[in-house]
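Written out below as structure tokens is the structure these notes cover.
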Ligand SMILES: NC(=O)c1ccc[n+]([C@@H]2O[C@H](COP(=O)([O-])OP(=O)(O)OC[C@H]3O[C@@H](n4cnc5c(N)ncnc54)[C@H](OP(=O)(O)O)[C@@H]3O)[C@@H](O)[C@H]2O)c1
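Residue numbers (this note's numbering): 521 to 759.
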């Protein structure tokens, strides 16, 4: 299958969490800086984020106002904004139900190149939402009926956007969805030397209720590199 090289790149606590109080500890700062710098090691053309992560860090909230007249609009087929595609750098937003709100099809984050938003939808979305996305110039791809078809998505990203190098940066449900389908080529963990004992924060990988159970997945170590501030960079391939 045609697909990009996929790396899952995450900042974690010593207890394997990707969210929670450890983020605010001063001892996490060097790891947090290294996490940003090490992104460049992989030169990704695109980064995939899950719905929760999009809401907290990239979208402009949820539940956009949809015009009723929009209901007569587009069929449920992929839409590519040629101007957005030409940018060559993308934020891929997993939004199976079509709930995210955006003020532009371009997202600019400090220290990162401007990126075109590609929404990833399932058949559950309304045509009014498609019309909303088209008005914003946001490209969208269909991948699955209710659950995301991660394999189909990667094929479409390779074929329609010519993406060769892709980063997945969670959260945990997103990361596990791609891992259990055998679609991750490398796992890159930047570990902060901090634990917070949180029992409810999200871990690197989380099995969602809507996905079938899967047996444990093993990795092989590519590299272990100590970083400033007692942080550690671990790179794993999949066995
Ligand atoms: N430390 C780091 O490097 C890092 C990086 C990124 C994020 N984070 C943290 O991760 C946390 C979010 O993690 P999360 O696991 O809760 O959320 P997530 O992976 O960001 O998103 C989960 C949601 O995405 C949708 N989704 C993901 N995979 C799907 C699939 N295969 N099929 C259908 N829908 C799918 C579902 O939306 P619906 O529920 O709408 O169906 C699901 O509830 C945040 O707290 C964020 O701060 C940390």
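All C-beta atoms in this analysis are idealised placements derived from N, C-alpha and C, irrespective of residue type, glycine included.
Problem - Closest by C-alpha distance to residue 601, when choosing among 621, 586 and 636 - result: One-based indexing of the chain shown puts residue 601 at position 81. Nearest C-alpha to residue 601: 636.
Problem - DSSP-derived helix/strand/coil call for residue 725 - result: For the purposes of this step, residue 725 is taken as residue 205 along the chain shown, with counting starting at 1. In this structure, residue 725 counts as coil in the three-state DSSP scheme.
Practice task
Please state whether DSSP places residue 561 in a helix, a strand or coil.
Solution key: If you number the chain shown from 1, residue 561 lands on position 41. DSSP places residue 561 in helix when its eight states are reduced to three.
Practice task
Taking residue 554 and residue 710 to be in contact with their CB atoms under 8 Å, please state how far apart those CB atoms are, rounded to whole angstroms.
Solution key: On the chain shown, residue 554 is found 34 positions in, with the first residue counted as 1. On the chain shown, residue 710 is found 190 positions in, with the first residue counted as 1. The beta-carbon distance between residue 554 and residue 710, rounded to whole angstroms, is 6 Å. This is short enough to meet the 8 Å contact definition.
Exercise for the section: Would you kindly work out how many angstroms separate the C-alpha atoms of residue 693 and residue 700, rounded to a whole number? Expected result: As a first step, residue 693 is located in the chain shown; it is residue number 173 there, counting from the start. As a first step, residue 700 is located in the chain shown; it is residue number 180 there, counting from the start. Spanning the two alpha carbons is a distance of roughly 11 Å.
Practice task
Classify residue 583 as helix, strand or coil using the three-state DSSP reduction.
Solution key: Residue mapping note: residue 583 aligns to position 63 of the chain shown, counting from 1. The answer is coil: DSSP assigns residue 583 none of H, G, I, E or B.
Handout entry: Opposing strand residues paired with residue 687 [DSSP bridges]
Key = In the chain shown, residue 687 corresponds to position 167, counting from 1. BP columns for residue 687 point to 527 and 567.
Problem - Rounded straight-line distance, which links the Cα of residue 734 to that of residue 716 - result: Position 196 of the chain shown, counting from 1, holds the residue named residue 716. Position 214 of the chain shown, counting from 1, holds the residue named residue 734. Taking the straight line from one Cα to the other gives about 28 Å.
Handout entry: Contact the stretch 650-658 vs the stretch 574-581: 3+ CB pairs below 8 Å
Key = As far as the Cβ criterion goes, the stretch 650-658 does not touch the stretch 574-581, which means the pair count is below three.
Practice task
Please check the pair residue 538 and residue 737, which I expect to be a contact at CB under 8 Å, by giving their CB distance rounded to whole angstroms.
Solution key: By 1-based counting over the chain shown, the position of residue 538 is 18. By 1-based counting over the chain shown, the position of residue 737 is 217. Contact between residue 538 and residue 737 fails: their C-beta atoms lie close to 17 Å from each other, not under 8 Å.
Handout entry: Three-state class that DSSP yields for residue 631 in the structure shown
Key = Locating residue 631 in the chain shown gives position 111, counting from the first residue. Under the three-state reduction of DSSP output, residue 631 falls in the coil class, being neither helix nor strand.
Practice task
Could you say which of 603, 563 and 660 lies nearest to residue 594 if we only look at CA atoms?
Solution key: On the chain shown, residue 594 is found 74 positions in, with the first residue counted as 1. In this structure, 660 is the residue among 603, 563 and 660 with its C-alpha nearest to the C-alpha of residue 594.
Practice task
Answer yes or no: the CB of residue 639 versus the heavy atoms of ligand 1, is any distance below 7 Å?
Solution key: The sequence position of residue 639 within the chain shown is 119, counting from 1. No, the Cβ of residue 639 stays beyond 7 Å of every heavy atom of ligand 1.
Exercise for the section: Please confirm whether any heavy atom of ligand 1 lies closer than 7 Å to the CB of residue 722. Expected result: The residue you call residue 722 lines up with position 202 of the chain shown. Within the cutoff, so yes.
Practice task
Using 7 Å as the cut-off, classify the Cβ of residue 689 as near or not near the heavy atoms of ligand 1, replying yes or no.
Solution key: Looking up residue 689 in the chain shown gives position 169. Yes, Cβ of residue 689 sits closer than 7 Å to a heavy atom of ligand 1.
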